[in-house]
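Here this note's numbering is used: the first residue of the sequence shown is 946, the next is one more, and so on.
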Amino acid sequence: MSSEKMKILEMIQEGKLTATEGMDLLKAMEEGLSEEKVSSTPEFNLVKKETAGQSSGGRFLRVRVLGEKALKVNVSVPLSLIRSASKLVVYAMSFVPADKRSELEQKGFDLQALDVEELVRLVEETVDGKIVDVEVADPEEGRIKVEVCVE
């Protein structure tokens, strides 16, 4: 699926386009209407602007779940947002009740030792490309592919 089509779907999900506007753009792209006609729509220009903004240095953590029948999940989170949120996560972990914290520690997961900010820094500095790439066969949905990557 082209990046423009993915961007249209993301923008529908985010509420920046209505489903009807998105469908019109997707139809126009599939029908091969002249780029002149498609690019004259404000929605297409918004998609073009947003797609261009993604390639200008901002990196994203992307999670995609693709099925044979339909796109299941498509989440893109700017790494800069994750970095900012990591400070909040560290603070929020102090609100985990003591009994739940000890339960986690018994299972080998120490919240106090978890350095979320360091984890985000490592992802930003060392990860580029796919982190997870899994395919499964579901009897009802067909083949499903899960991708987690940093782009």
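Even glycine gets a Cβ: it sits at the ideal position worked out from N, Cα and C.
Would you tell me roughly how many angstroms separate the C-alpha atoms of residue i and residue j, rounded to the nearest one?
i, j, result
"residue 1055", "residue 1044", "13 Å"
"residue 1095", "residue 1046", "30 Å"
"residue 1031", "residue 1057", "14 Å"
"residue 962", "residue 1048", "45 Å"
"residue 1068", "residue 1075", "12 Å"
"residue 1073", "residue 1052", "31 Å"
"residue 1037", "residue 1061", "12 Å"
"residue 1084", "residue 1035", "41 Å"
"residue 1014", "residue 1086", "7 Å"
In the DSSP assignment, what are the bridge partners of residue i?
i, result
"residue 1023", "1005"
"residue 1089", "1012, 1081"
"residue 1074", "1095"
"residue 936", "This structure gives no information on residue 936, because the portion of the chain shown stretches from 946 to 1096."
Quick check on the burial criterion: 16 or more other C-beta atoms within 10 angstroms. Buried or exposed for residue i?
i, result
"residue 1064", "exposed"
"residue 1033", "exposed"
"residue 955", "buried"
"residue 1017", "exposed"
"residue 952", "buried"
As a quick exercise: from the options, pick the residue whose alpha carbon is nearest that of residue i.
i, options, result
"residue 957", "967, 1012, 1067, 1041", "967"
"residue 1006", "1013, 1026, 1040", "1026"
"residue 1092", "1011, 1083, 1028", "1011"
Do we get a CB-CB distance below 7 Å when we pair residue i with the residues of chain D?
i, result
"residue 1096", "Going by chain labels, chain D is absent from the structure shown, which holds only one protein chain."
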